[in-house]
Structures are given as structure tokens and as C-alpha cells.
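**Student:**
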Amino acid sequence: MASLWRYFLAGLGLAALLVGVLAAVYLTAPHSAQPVGPDVSRTKKTDNGLYVASFVPEHGVVRQGELESWLLTLKTKTGASVERAAITISGGMPQHNHGLPTSPQATDYLGEGRYRIEGVKFTMSGWWQLRFAISSGAGSDTVLFNVVL
Numbered sequence: 001m002a003s004l005w006r007y008f009l010a011g012l013g014l015a016a017l018l019v020g021v022l023a024a025v026y027l028t029a030p031h032s033a034q035p036v037g038p039d040v041s042r043t044k045k046t047d048n049g050l051y052v053a054s055f056v057p058e059h060g061v062v063r064q065g066e067l068e069s070w071l072l073t074l075k076t077k078t079g080a081s082v083e084r085a086a087i088t089i090s091g092g093m094p095q096h097n098h099g100l101p102t103s104p105q106a107t108d109y110l111g112e113g114r115y116r117i118e119g120v121k122f123t124m125s126g127w128w129q130l131r132f133a134i135s136s137g138a139g140s141d142t143v144l145f146n147v148v149l
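This is the structure in C-alpha cells:
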């Protein structure tokens, strides 16, 4: 009986040692925050900080499968409206590895740094990206907006 008790205590000691080693490994391992999804902010600074851009659906609602118009508002970093900007748009679905089904264009300047972007169409639910290349007197810069349906 005494030798059985000794084996039990040795096994318990080994189990405790294993738990201690695993706890030390877990506590000292680098932890990264798990991404909860793409940044879906509707206002952000451009990549080089030349502009502050806002991108919203013109009619307030994102609809799947319909041609929509959106509004892109551009301000300089000092808050002045950006007028006469040249804007090109590209994008697609990064998880599906395909581009946009349409060719959105900046069609109208509405004043106060607001541009109408027509021809935006999201054909399926999921994560979409729209990248804007912007050129004006302040310089050239880009901004990426994520839309999740």
C-alpha cells in the first residue's frame, strides 16, 4: 500500500510540474489581439495624411445588387474643402480575390469638398474595399474604405 501511495504522489507531482510548465509558456508567449474584422470607418485620413476623406451612401443605406451613388467628401488636413480633385476608384473583394463588378466614377462636384461617386454596386454580401486615388493642388494621396454587407 505504501508503494502505491508513493506512485500516486509522484504522478501528482509530475502533473503539477506539467501544469506549471504549460502555464509559464502561456504567460510568456506573445499575444496579439484578434482582429474583429476590417476597419469600416466612414471618415479617415488618407495614407500620407494630406486629406481627410469621408465616404457615405448618398441615400443613407447600403443596398446589395443595386447601382448606387455615394458621396466622397475631401478636406485638407487643415479642414479646407478640396476642390477640382482628380479621383480614380478601384477595389473589390479581398477574400474572393476579384475586383469591382462596375467602374465607379466621380461624376459631380457638389461643393464644399463633396463629390458624387456613381456606379457603385455590391453584387454579394461580404467584405468589399474601395480605394480612392486623389490628386489636387495639395498633392496626391490614397485612401481605402471597407464596406461589409
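In the UniProt record's numbering, the protein residues as written are 1 to 149. Cβ coordinates follow ideal geometry from the N, Cα and C atoms, glycine included.
1) On the three-state DSSP scale, how would you describe S54?
2) Which value, in whole angstroms, describes the spacing of the CA atoms of T123 and G111?
3) Between the C-alpha atoms of A51 and G139, what's the straight-line distance to the nearest angstrom?
4) For the beta strand (DSSP E) that contains N146, what are its first and last residues?
5) Could you tell me if L67 is buried or exposed, where buried requires 16 or more neighbouring beta carbons within 10 angstroms of its beta carbon?
6) For a quick check, are the C-beta atoms of A133 and T88 less than 8 Å apart?
7) Give the straight-line distance between the Cα atoms of R114 and D39, rounded to the nearest whole angstrom.
8) In the DSSP assignment, the beta strand (DSSP E) including E112 goes from what residue to what residue?
**Tutor:** In short:
1) What you label residue 54 is simply residue 54 of the sequence shown in a count that begins at 1. The answer is strand: DSSP assigns S54 an E or B state.
2) Counted from its first residue, the sequence shown places residue 123 at position 123. Counted from its first residue, the sequence shown places residue 111 at position 111. The alpha-carbon separation between T123 and G111 amounts to approximately 30 Å.
3) Here the question's residue 51 lines up with position 51 in the sequence shown. Here the question's residue 139 lines up with position 139 in the sequence shown. Ala is not the amino acid found at residue 51; the sequence shown has Tyr there. Distance between the alpha carbons of Y51 and G139 is about 9 Å.
4) Counting from one through the sequence shown, the residue named residue 146 turns up at place 146. Its beta strand (DSSP E) spans residues 139-148.
5) Taking the sequence shown and counting its residues from 1, one reaches residue 67 at position 67. It is exposed - the Cβ of L67 has fewer than 16 other Cβ atoms within 10 Å.
6) In the sequence shown, the residue the question calls residue 133 occupies position 133. In the sequence shown, the residue the question calls residue 88 occupies position 88. Yes, these two residues count as a Cβ contact at 8 Å.
7) To locate residue 114, count along the sequence shown from 1; it is residue 114. To locate residue 39, count along the sequence shown from 1; it is residue 39. Counting only the Cα atoms, D39 lies some 22 Å from R114.
8) As a first step, residue 112 is located in the sequence shown; it is residue number 112 there, counting from the start. No beta strand (DSSP E) holds E112; DSSP gives it neither H nor E.
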